[in-house]
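The numbering used here puts the first residue of the sequence shown at 4, with every later residue one more than the last. Cβ coordinates follow ideal geometry from the N, Cα and C atoms, glycine included.
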Amino acid sequence: MGATLVVSFHSIHQAVWVLAFLGALRLAQDYVIFPRLVRRGIHMHPLGVILAILSGAELAGMAGIFLAIPAVAVLSVLHRHLLEYRGSGGLVSELLTPAQSAPDLARTTSDSADPPTAYEPAADTSALQPCRTVITQ
4 MGATLVVSFH SIHQAVWVLA FLGALRLAQD YVIFPRLVRR GIHMHPLGVI
54 LAILSGAELA GMAGIFLAIP AVAVLSVLHR HLLEYRGSGG LVSELLTPAQ
104 SAPDLARTTS DSADPPTAYE PAADTSALQP CRTVITQ
């Protein structure tokens with residue numbers, strides 16, 4: 004808002020553009036960037052992050068916005084530990100399990116004892132000899 008106020012002294016047209024840019028930037032941060040960062044940090048789906056923030060804002064205002072993600076993270080971890088303690092899956096356990104990221108998937112698949120099925124390297128290494136090309140001008 005401060006940038007919009009300063010620019011409005013120069014031109015109202017530029018102030019509208021600055022306000023539109025700051026609004027678009029805020030929407031991109033709140034609904035795209037922040038949920039993806041939180042998903043990587045606490046393994047929550049971006050839609051869950053958005054719903055938690057909106058619920059926190061409705062329940063407790065500005066303090067609810069800041070406390071929503073930690074509260075949902077604590078509740079989700081407590082629920083997972085309760086399910087592990089009870090030894091049952093429960094109805095919503097698949098929704099609360101953390102999603103594996105690409106590096107985690109690569110690590111778990113490379114640690115498995117199963118041989119790779121998509122690519123089998125050839126036993127003959129003669130095909131791996133360097134190829135030399137001569138460029139003449």
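Handout entry: Three-state secondary structure (DSSP) of S14
Key = coil
Handout entry: Same chain, Cβ closer than 8 Å to V21, five either side skipped, listed in chain order
Key = A6, T7, V10
Problem - Under the three-state DSSP convention, the category H84 falls into - result: helix
Handout entry: Beta-carbon gap between A55 and V77 smaller than 7 Å
Key = no
Handout entry: C-alpha gap between F37 and Y88, whole angstroms
Key = 32 Å
Exercise for the section: Compute the distance between the beta-carbons of G59 and G67, then report whether it is under 7 Å. Expected result: yes
Exercise for the section: Return yes when the Cβ of R42 is within less than 7 Å of the Cβ of P49, no when it is not. Expected result: yes
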